[in-house]
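Undergrad: One structure is given below, represented as structure tokens, and several questions about it will come after.
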């Protein structure tokens with residue numbers, strides 16, 4: 001069923017559908033890779049944000065702890081250095097908070113940081129109030145530490161939330177990249193399978209029929225006109241080529257039939273000519289032989305001179321009649337030859353018309369082969385465009401590799417807290433390398449497809465050259481037929497001239513017969529030649545017998 005469907009659509013449409021589907025698959029691969037990279041980039045930003053936030057919170061916790069130690073020491077001992085150290089640590093805490101607050105984008109983290117700011121502000125306000133009031137001792141320390149412990153605990157909890165988020169993002173990034181890789185590999189395999197299937201279908205629906213037509217053309221060109229022309233039931237360009245070849249073969253068959261008919265007519269004319277000559281010989285033998293015998297009998301009874309003169313007159317009259325009859329028969333034969341020549345000229349004209357039509361069909365086949373060559377060239381251009389898409393995918397893989405390298409650098413800067421991130425970055429880099437390798441494999445396959453397309457272009461070009469040679473041969477045959485027509489016309493004119501000359505000869509022989517009559521009237525005055533006439537009668541009988549033998553022999 002698929003084969004019948006392929007026969008009904010054009011080669012251009014088949015090639016367009018095939019590469020359109022392959023391009024659609026690879027466009028899906030490129031789109032999925034792009035979306036996966038966008039998602040991975042967003043996750044990387046989120047990961048970097050929580051990793052940096054976790055590190056900043058650890059620093060804030062250290063700063064607030066140092067501030068608590070210095071503040072407690074000041075409240076116990078009243079050392080101004082402890083006071084300055086405590087306030088410096090608090091300033092660093094609030095500065096770190098400002099940087100962290102400006103960098104976070106998640107709402108829950110921003111809310112947690114605002115709570116930390118409120119707790120730290122409460123601690124700073126209480127410490128400043130205790131300093132202004134001059135309160136000291138363990139009671140003041142315990143009051144301040146209650147707020148400090150709560151603030152430190154909030155910082156630790158928030159830092160743990162950041163850490164938990166960082167730990168949760170790692171597997172998501174890995175799963176996203178693994179999914180993108182699997183989809184890319186699966187889609188690539190599907191694309192290659194589809195391409196291979198369509199390449200096989202195109203090969204069977206185009207190359208095999210064209211090969212069959214080529215074989216049929218060779219058999220027809222070698223004279224095997226009983227060759228069955230394949231693919232005539234197709235409605236595509238191959239079917240059109242098959243129909244053109246069938247028309248060419250039928251024209252050659254009709255040409256052979258007409259040549260056979262012309263040979264048969266010529267054979268019949270030759271047989272009729274021989275039969276007419278045989279009949280003429282029989283009639284001549286009956287008439288002239290009787291006259292010769294009568295002349296011999298009369299010469300024995302008449303006077304010697306009268307017999308000789310009468311025999312001479314009869315001989316002359318007989319020869320004139322014989323020549324007149326032969327001339328008339330010759331004129332009839334020449335006229336028959338003229339008629340056959342005119343028929344041969346008409347047959348030559350018909351052959352010329354058929355050869356001209358075959359040349360036209362060959363020219364149309366050349367144009368069709370050139371159009372097929374253009375379509376396969378478009379196939380090669382489509383493969384080149386697929387190569388451009390592969391280049392874009394390779395560029396995306398290289399960008400992913402660069403992002404993984406940057407992530408590794410960031411993880412190294414983060415120290416211990418960035419080890420997990422470094423592992424993920426290494427996995428991302430590995431996946432990017434695998435994507436690049438898969439892209440190179442796809443590019444290799446596309447290069448193979450381009451090679452096949454170029455070979456198809458060369459094969460179809462060879463077919464076009466063969467058809468052009470056939471067209472040139474048809475033109476040569478047409479020229480030869482035109483020369484034959486001209487020669488046949490010249491023969492017809494010469495035969496017509498011969499017919500007119502034969503008619504003139506017949507008229508002259510009639511005049512000779514009249515003269516022989518006058519000679520008979522003078523036979524009475526030539527009695528001395530009667531004996532010679534008797535001898536001539538015997539010789540005439542012998543010559544007539546030999547003449548009839550030659551006529552019957554053809």
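In full-length UniProt numbering, the protein residues as written are 1 to 554.
Here a beta-carbon is modelled for each residue, glycine too, at the ideal position from N, C-alpha and C.
Just so it is clear, the structure is predicted and the values come from calculations on it, not from any experiment.
1) Can you tell which of 266, 415, 58, 370 has its C-alpha closest to the C-alpha of residue 151?
2) Buried or exposed: which applies to residue 24, given that a residue is buried once 16 or more other Cβ atoms fall within 10 Å of its Cβ?
3) State the Cα-Cα distance for the pair residue 549 and residue 335, rounded to the nearest angstrom.
4) Could you tell me the alpha carbon to alpha carbon distance between residue 315 and residue 510, rounded to whole angstroms?
5) Thinking C-alpha only, which one of 241, 63, 528 is nearest residue 156?
6) Rounded to the nearest angstrom, what separates residue 169 and residue 21 at their Cα positions?
7) Label residue 78 either buried or exposed according to how many other C-beta atoms from any shown protein chain fall within 10 Å of its C-beta, with 16 as the threshold for buried.
8) Give the secondary structure of residue 341 by DSSP, where H, G and I count as helix, E and B as strand, and everything else as coil.
9) For residue 149, does the count of other Cβ atoms within 10 angstroms reach 16, so buried, or fall short, so exposed?
10) Candidates 279, 283, 282, 311: which alpha carbon is nearest residue 293's?
11) Assign residue 125 to one of three DSSP states: helix, strand, or coil.
12) Enumerate in chain order the residues of its own chain whose CB-to-CB distance from residue 92 is below 6 Å, with the five nearest sequence positions on each side excluded.
13) Are residue 403 and residue 41 close, meaning C-beta to C-beta below 8 Å?
14) Which residues in the same chain have their Cβ closer than 6 Å to the Cβ of residue 547, if we skip the five residues on either side of it in sequence?
15) Go ahead and pull the three-state DSSP assignment for residue 131.
16) Relative to the alpha-carbon of residue 410, which residue among 188, 425, 255 has its alpha-carbon at the smallest distance?
17) How many Å lie between residue 218 and residue 238 at the Cα?
18) Which one of 360, 124, 507 has the shortest CA to CA distance from residue 328?
19) Thinking C-alpha only, which one of 391, 381, 538 is nearest residue 556?
20) What does the alpha-carbon distance come out to for the pair residue 174 and residue 407?
21) Do the stretch 98–109 and the stretch 46–54 make contact, defined as three or more Cβ pairs closer than 8 Å?
22) What number of angstroms, rounded off, separates the C-alpha of residue 83 from the C-alpha of residue 95?
23) Do you know whose CA, among 55, 260, 290, 339, lies nearest residue 489's CA?
24) Between residue 54 and residue 159, is the Cβ-Cβ spacing less than 8 Å?
25) Classify residue 104 as helix, strand or coil using the three-state DSSP reduction.
26) Looking at C-beta atoms only, is the number of pairs between the stretch 249–257 and the stretch 219–230 that lie closer than 8 Å three or more?
27) Taking C-alpha atoms, which residue in 318, 248, 343 lies nearest to residue 262?
28) Look at residue 215 and residue 229 and say whether their C-beta atoms are less than 8 Å apart.
TA: Per the coordinate set shown:
1) Considering only alpha carbons, the answer is 58.
2) exposed
3) 25 Å
4) 15 Å
5) 63
6) 37 Å
7) Per the 10 Å Cβ criterion, exposed.
8) Caution is warranted here: a pLDDT of 48 is assigned to residue 341, below 50, making its placement in the model unreliable, and the coordinate value is therefore given only provisionally. Helix at residue 341.
9) exposed
10) Nearest Cα to residue 293 within the set 279, 283, 282, 311: 311.
11) helix
12) Non-local beta-carbon contacts of residue 92 in its own chain, meaning distances under 6 Å to residues more than five positions away in sequence, involve 63 in chain order.
13) Yes. Within cutoff.
14) Contacts found: none.
15) helix
16) 425
17) 17 Å
18) Closest by alpha carbon: 507.
19) Residue 556 lies beyond the stretch modelled for the chain, which goes from 1 to 554, so this question has no answer here.
20) 14 Å
21) yes
22) Cα-Cα distance, rounded: 18 Å.
23) 339
24) yes
25) coil
26) yes
27) 343
28) no
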